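Peer 1: One structure, pasted below without further comment.
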């Protein structure tokens, strides 16, 4: 089972609950135990990091033993850990009574430094995106941090990189993050080096179009980023699409190339051999249609002549007919 992170990443007055908890833990747990978990999540960012058992019992209107049972349950489920601060009740009772746990300090699986780092990342992301992060945005950045194991520094550069290139959509940012993950990019320096290589790719594409002596225009960069980040094509496949564009319409046309690449993406093209297979299938279909057209042309034609043409025509002597009519 995936280990949950009991951390409230949201800024302001929002408490975030992971779907993993709802899908796999909440349905199996006692309702009172769920209340304790949610209460801890709600108050976990208190400055002192401490919430007493008695305080939780008062809020939930239950006994302290109920709270302790809930804590032990969630600890057994490995969703949280805690330590109990102890103190003697009195010297008179020291020999007859065990120390009483007086409060419970919840220790998240993230260290305090990590929680602070992540909250700072949330703030920076809001500044770049120019909006308050939605729960979907927070979940996505959490995915980058926890699942893709990107550092806060790298995520910050990721968002900066996408926004500077005109993309604030979290869907687009996710595409770039997955692309970097696939390329094993784990540091900001590696990401920047990849950006330099990306710029070189831009000029390679311009050269394939026969365009030299100028930088790519903003609209052209948008197409190239789409082919690289959204469609996920390597440079060799993009150049092949550019070459086919030039061979077909004899002029650079990013929209035409985009149509080719979009078609390849829809047909799951990822390597040159995939293009070869598509070409072979296209030629077979073309040959089949050609043969079908020849058969249609050679078929016997149905005569459209008048159905009365089988009868021999008759000739009349009009002068003789007129004389007969007069004599009658």
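Numbering (the numbering used here), first residue to last: 991 to 1318.
Here a beta-carbon is modelled for each residue, glycine too, at the ideal position from N, C-alpha and C.
Keep in mind it's a predicted model, so treat the numbers as computed, not measured.
#1: Ends of the alpha helix (DSSP H) at residue 1066?
#2: Determine the extent of the alpha helix (DSSP H) in which residue 1171 is found, giving its start and end residues.
#3: Do you know offhand how far residue 1114's Cα is from residue 1172's?
#4: Does DSSP put residue 1140 in a helix, in a strand, or in coil?
#5: Here's the rule: buried if 16 or more other CB atoms are within 10 angstroms of the residue's CB, otherwise exposed. What is residue 1231?
#6: Measuring only the C-alpha atoms, how far is residue 1283 from residue 1273?
#7: Can you tell which of 1202, 1008, 1059, 1009 has its C-alpha closest to the C-alpha of residue 1021?
#8: Okay, do the segment 1005-1015 and the segment 1047-1055 touch, 3+ Cβ pairs below 8 Å being the bar?
#9: Any idea if residue 1101 is buried or exposed, counting beta-carbon neighbours within 10 angstroms, 16 or more meaning buried?
#10: With a cut-off of 8 Å on the beta carbons, I'd call residue 1195 and residue 1149 a contact; round off their distance for me.
#11: Please state if the CB of residue 1158 and the CB of residue 1123 are separated by a distance shorter than 9 Å.
#12: Please state the DSSP three-state secondary structure of residue 1224.
#13: Have a look at residue 1015 and residue 1027 and give me their C-alpha separation to the nearest angstrom.
#14: Can you tell me the Cα-Cα spacing of residue 1191 and residue 1121, whole angstroms?
#15: Can we count residue 1056 as close to the ligand FAD, meaning its CB is less than 8 Å from some heavy atom?
Peer 2: If we stick to the structure as given:
#1: From DSSP, the alpha helix (DSSP H) with residue 1066 extends over 1054-1066.
#2: 1160-1172
#3: 25 Å
#4: coil
#5: Flag for residue 1231 reads buried.
#6: For residue 1283 and residue 1273, the gap between their C-alpha atoms comes out near 15 Å.
#7: 1059
#8: No, the segment 1005-1015 is not in contact with the segment 1047-1055.
#9: Low confidence applies here, because residue 1101 scores a pLDDT of 49, under 50, leaving its location unreliable and the question unanswered by this model.
#10: Not quite, the Cβ-Cβ distance comes to about 26 Å (not below 8 Å), so this is no contact.
#11: no
#12: coil
#13: 11 Å
#14: 33 Å
#15: In terms of ligand content, the structure shown is empty, and the ligand FAD therefore cannot be addressed.
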